[in-house]
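Counted the way UniProt numbering counts, the sequence shown spans residues 1 to 417. For each residue, glycine too, the CB sits at the ideal point set by N, CA and C.
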Amino acid sequence: MTGHYTLHPAPPTAAVEAALDRAVELARRGPRQDRNPRVGCVLLDPKGVTVGEGFHAGHGTPHAEAVALAAAGDSARGTTAVVTLEPCSHHGRTPPCADALVAAGITQVVYAGADPTHAGGGARVLREAGVDVRKHRHTGAEQVVADWARAATLGRPHVTWKLASTLDGRVAAADGTSRWITSPESRAEAHRVRTRVGAVVVGTGTALADDPSLTARDRAGRLLQEQPLRVVVGHRDLPAGSRLGETREGEMVPEEGPADGWSSGEGPRDDQVSSSREGPVLHLRTHDPAQVLAELRGRGVHSVLLEGGPTLAGAFWRAGLVDELLVHLAPALLGSGPGAVPDLGIGTLADAARLELVDVDRLGPDLQLRLRSVPGPATTRNGSAPAHSASSASTGTAAVHAASSEHAHTPSDQEVP
């Protein structure tokens with residue numbers, strides 16, 4: 001089917017660039033963790049004047065294009081729709097955006113990124129209807145949907161294994177002392193990383209032994225604006241008075257003070273925070289890493305940070321569910337003590353899990369290494385141990401069980417409580 005429109009000149013290129021910038025601003029107003037991507041849309045008339053704009057407020061609400069069309073009304077006809085993501089073409093809780101744009105008489109669509117899911121294909125639908133469609137790369141638009149797009153491609157949340165160790169791979173000394181292996185700069189970065197992920201995951205063993213808060217805080221111990229979902233994996237109950245134990249909505253719970261041993265003078269002005277200001281806590285009573293990720297994906301989580309020590313991380317690795325390693329390496333040697341990496345079931349050098357170094361940063365005296373696995377005998381193309389064999393699935397489940405068992409806790413790499 002071909003649409004029949006009165007031809008209108010396209011808005012100036014500078015106006016389209018400005019509209020994309022504005023669309024990204026709008027998209028960022030949407031929920032960071034949601035089943036749907038954050039999308040912004042701006043409608044421009046031929047002179048480059050905005051006649052309508054909108055953003056997607058979350059799963060089940062109108063899409064950005066629909067909001068912008070409603071705001072423009074009859075003025076939408078003959079305009080250019082500038083969108084951060086390819087308009088959808090599928091029927092879900094809301095009708096296809098591509099159809100809505102055609103019906104409204106939009107003559108041109110400029111979008112920044114393609115939709116990698118089954119909802120994509122809107123560009124094709126629009127072209128078949130006679131709409132001029134152009135893809136225009138925009139870094140900000142790519143960034144705003146990066147976590148969602150990555151999770152959509154994987155079919156699950158992206159998983160980062162975060163660890164901190166000495167040069168010889170120790171997470172604690174022989175006597176169990178572990179605070180602090182890394183520098184204040186590394187610990188500050190660890191808190192910033194928490195603000196960029198959807199969930200931080202630990203096992204019940206770590207939760208009971210360390211009583212971490214898993215919040216993101218500044219050097220004075222104050223909560224940062226963005227907080228992750230805090231997830232505990234395992235069957236055992238947590239004490240009601242613990243930082244990850246159940247609290248009533250709005251109940252005042254003690255904060256643990258300055259983050260990670262930073263000196264902060266007198267510390268925060270108040271030593272209590274409302275539980276509603278912290279990220280919510282989710283206790284998943286399972287030992288199956290795949291089930292953990294499926295549950296989190298259903299809750300709109302796109303990225304996961306494993307902080308529960310080597311046993312939990314090893315379980316995810318063995319299940320083929322680790323995509324990236326974030327390593328904070330301190331210039332120190334211990335020679336003995338618990339290691340940062342558990343037994344991965346690799347018996348010979350030929351089967352070593354090879355890693356690709358993505359980038360290196362200096363954090364005070366420490367190094368931060370971001371790595372991905374290189375496909376090989378011990379890894380799959382997504383950079384992890386084979387995920388689909390019965391043995392690796394059962395091994396991963398058993399390892400999570402060990403990570404949450406009463407006697408399995410070893411001093412973890414989790415220097416950030």
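Query                                                                                                                                                                  : Result
What ranges does the beta strand (DSSP E) occupy inside the stretch 122-147, keeping only unbroken runs of at least 3 residues that lie completely in it?              : 132-135
Is it buried or exposed, G347, if we count other Cβ atoms within 10 angstroms and call 16 or more buried?                                                              : exposed
With H, G and I counted as helix, E and B as strand and the rest as coil, what does DSSP make of R187?                                                                 : helix
I'd like the list of long-range same chain contacts for L329, defined as Cβ closer than 7 Å, with 5 residues on each side in sequence excluded.                        : S165, L167, D366, L367 and L369
According to the Cβ coordinates, are E307 and T215 closer than 7 Å?                                                                                                    : no
Less than 7 Å between the C-beta atoms of A173 and G337, yes or no?                                                                                                    : yes
According to DSSP, is S303 helix, strand or coil?                                                                                                                      : strand
CB-CB under 6 Å to R150, same chain, minus the five flanking residues each way: which ones, in chain order?                                                            : H158
D359: buried (16+ other C-beta within 10 angstroms of its C-beta) or exposed?                                                                                          : exposed
By how many angstroms is the C-alpha of R243 removed from the C-alpha of G183?                                                                                         : With the sequence shown as reference, residue 183 is identified as Ser, and Gly is not the correct amino acid for it. Straight-line Cα distance between these residues: approximately 24 Å.
Compare the Cα-Cα distances from P212 to each of V200, A220 and D218 and report the closest residue.                                                                   : V200
Under the rule that 16 or more other beta-carbon atoms within 10 Å means buried, what is D74, buried or exposed?                                                       : exposed
Report the rounded CA-to-CA distance for A68 versus V233, giving the unit in angstroms.                                                                                : 42 Å
Tell me the rounded alpha-carbon separation between V253 and T206.                                                                                                     : In this prediction, V253 has a pLDDT of 36, which is less than 50 and means its spatial position is unreliable; nothing more can be read from the coordinates.
Excluding sequence positions up to five away, which residues of its chain have a Cβ less than 6 Å from the Cβ of W161?                                                 : L306, A313, V322 and L325
Determine, using beta carbons only, whether T311 comes closer than 7 Å to chain B.                                                                                     : In the displayed structure, chain B is absent; only one protein chain is listed.
Where G40 and D21 are concerned, what is the direct C-alpha to C-alpha distance, given to the nearest angstrom?                                                        : 10 Å
If you check the beta carbons only, do L43 and T79 fall under 7 Å apart?                                                                                               : yes
If A100 sits next to G48, beta carbons under 8 Å apart, how far is it from one beta carbon to the other, in whole angstroms?                                           : In fact, because the Cβ distance is near 22 Å, the residues do not count as touching under 8 Å.
Give the straight-line distance between the Cα atoms of L238 and A152, rounded to the nearest whole angstrom.                                                          : 33 Å
Output yes or no for whether 7 Å exceeds the beta carbon distance between L223 and R217.                                                                               : yes
Evaluate D175 with the Cβ neighbour count: other Cβ atoms within 10 Å of its Cβ, from every protein chain shown; 16 or more gives buried, anything less gives exposed. : exposed
Where does W180 fall in DSSP's three states?                                                                                                                           : coil
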